[in-house]
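Residue numbers (our numbering): 4 to 506. By construction, the Cβ of each residue, glycine as well, lies at the ideal position given by its N, Cα and C atoms. All of these numbers come straight from a predicted model, not from anything done at the bench.
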């Protein structure tokens with residue numbers, strides 16, 4: 004039924020009577036082009052309440068060029084839709100001044116024309132094909148011209164031609180004019196053919212050079228601005244103090260924070276830590292605890308000189324930390340983070356990384372201390388097993404144990420552990436703690452600083468520092484802190500035992 008309804012609509016459309024008058028049968032041999040509007044009015048069928056044009060009368064003689072102008076919507080387009088004279092280049096004036104008008108013969112070598120008239124005639128001769136481009140309007144114009152119509156209607160025919168296209172066409176016109184006039188000069192024996200060829204080559208070469216210079220100049224100015232930024236970056240003064248020269252034979256491991264404050268360069272309005280003061284004796288095991296973002300890891304980073312304090316001093320064995328040689332300091336201070344960085348090499352190469360004397364016995368002892376020798380020996384290739392990119396072939400706990408072994412094989416005086424055992428099970432964690440710092444008879448004399456969320460790992464520390472919002476709030480042993488009423492440490496312990504988030 005839907006198809007029947009649709010066919011009925013089509014039939015009604017085909018049977019409708021045309022509102023236009025039928026075509027006559029007059030076919031003259033030649034049409035002169037005289038046009039006359041006699042009191043013409045128009046109302047569009049689709050807009051019967053709006054008058055498009057009203058009572059328009061004018062006459063146009065054959066051969067004349069006329070144009071309709073006016074604001075948009077003034078119905079100049081409507082009139083043009085019916086009829087509009089042709090538009091030609093500005094050559095009619097000088098041709099009309101000739102005795103025989105357009106019938107004037109140019110004679111041999113155009114001797115009857117002046118040089119200026121010759122230029123204008125040349126422009127007229129090429130004006131018909133200059134408009135041809137890749138635009139649809141140009142194609143339509145060419146299609147109309149090729150029929151040689153008596154009346155040619157141009158309704159904004161070149162309005163869509165882009166400026167780049169017009170510029171290229173103008174350059175092409177100038178080249179054609181130059182060639183035409185050059186040929187005339189050769190025929191008149193003013194110049195020779197080789198001279199014309201040399202001039203053309205010179206003009207093309209010079210034009211290309213000037214065009215390249217204009218483009219290069221822009222690039223040079225851009226490069227100059229960019230290079231200035233690079234030089235400003237290279238000339239900037241570092242915020243950190245330069246490396247010192249102190250390299251004592253032995254480092255005891257005494258640490259002191261003296262009224263230390265830090266503002267991160269990227270966040271100058273936020274205080275990371277403020278007025279921190281505490282002392283850690285050589286050989287002690289101490290811990291930083293507190294909610295996330297309180298400043299625990301910041302204290303660890305300051306001891307590695309990843310940052311220098313904004314205010315205050317950090318002293319190791321009574322000397323400011325920046326007085327020590329940078330390489331010496333990193334030999335004596337080792338750090339293990341929560342996300343250890345392992346290279347895509349063997350386990351042996353990762354443990355002994357950057358060590359000149361690669362002693363297999365020392366490497367195995369370091370692995371045994373962190374309870375890693377057992378799982379390494381069970382691997383097919385043992386210590387020659389590849390760790391993969393960023394240690395991807397090992398589990399989180401295995402990566403942490405290899406990373407701790409890499410730190411202690413250097414026998415550091417100060418060992419920094421920033422959540423270094425967070426991925427270990429309680430059994431392995433307790434074994435590593437006993438080997439590294441809790442059982443003093445099994446460990447070397449080293450100062451250990453621990454940053455941990457899992458408070459069970461730091462209950463046996465010699466001293467615990469409670470940091471909250473960048474301030475040192477409490478310090479003491481586990482037992483001392485647990486008896487403080489409404490203490491932060493006591494509240495953290497309570498929350499962890501109840502499995503409540505401490506953030």
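By the 16-neighbour rule on beta-carbons within 10 angstroms, residue 338 is buried. Ranked by Cα distance from residue 43, the options 35, 55, 471 and 33 are led by 55. For residue 406 and residue 237, the gap between their C-alpha atoms comes out near 35 Å. For residue 479, the pairing in a beta bridge is given by DSSP as 467.
In this structure, residue 287 lies near residue 450, with their beta-carbon atoms less than 8 Å apart.
Excluding the 5 residues flanking it on each side, residue 379 has same chain C-beta neighbours closer than 7 Å at 350, 370, 385 and 386, in chain order.
For the 8 Å CB-CB criterion, residue 284 and residue 261 do not form a contact.
Relative to the Cα of residue 314, the nearest Cα in the group 267, 346 and 198 belongs to 267. At a Cβ-Cβ threshold of 8 Å, residue 389 and residue 360 do not count as neighbours. Annotation: residue 338 is outside any alpha helix (DSSP H); the continuous beta strand (DSSP E) that includes it extends over 336-339. For the options 382, 336, 475 and 474, the alpha carbon positioned closest to that of residue 418 is the one of 336.
DSSP, reduced to helix, strand and coil, places residue 389 within a strand of the structure shown. For the pair residue 471 and residue 297, the CB atoms are nearer than the 8 Å cut-off. A residue is called buried when at least 16 other Cβ atoms come within 10 angstroms of its Cβ; residue 57 does not meet this threshold and is exposed. Note: residue 274 is bridge-paired with 266 in the DSSP secondary-structure output. For residue 58, the enclosing beta strand (DSSP E) begins and ends at 54-63.
Beta-bridge pairing by DSSP links residue 316 to 261. Residue 39 has 62 as its beta-bridge partners, per DSSP.
Contact check for residue 473 against residue 275 passes: the beta carbons are separated by less than 8 Å. Within the same chain, Cβ atoms closer than 8 Å to the Cβ of residue 307 are found at 333, 336, 338 and 419, the five residues on either side in sequence being excluded.
Spanning the alpha carbons of residue 341 and residue 225 requires a straight line of approximately 45 Å. Nearest neighbour of residue 273 by Cα position, chosen from 264, 491 and 279, turns out to be 264. Scanning its chain for C-beta atoms nearer than 8 Å, with the 5 sequence neighbours on each side dropped, one finds no residue around residue 213. Residue 234 is not a Cβ neighbour of residue 468, given a cutoff of 8 Å.
Here residue 328 carries a coil assignment [DSSP, helix/strand/coil]. Annotation: residue 290 to residue 329 spans about 25 Å, alpha carbon to alpha carbon.
The alpha carbon of residue 40 has as its nearest neighbour, out of 48, 46 and 62, the alpha carbon of 62.
Apart from sequence neighbours up to five positions away, the residues of its chain that approach residue 246 with a beta-carbon distance below 7 Å are 328 and 329, ordered along the chain.
With at least 16 other beta carbons inside 10 angstroms of its own, residue 492 counts as buried.
Here residue 435 is not near residue 354, since their CB atoms are 8 Å or more apart. Only residues of its own chain outside the window of five on either side were considered, and among them 345 and 402 have a CB closer than 6 Å to the CB of residue 394, listed in chain order. Judged by DSSP in its simplified three-state form, residue 299 adopts helix. Shown here, residue 405 sits in a helix according to DSSP, grouped into three states. When DSSP states are grouped into helix, strand and coil, residue 291 belongs to the strand group. In the DSSP assignment, the residues bridged to residue 322 are 319. Each of 202, 211, 205 and 310 was checked against the Cα of residue 241, and the nearest Cα belongs to 310.
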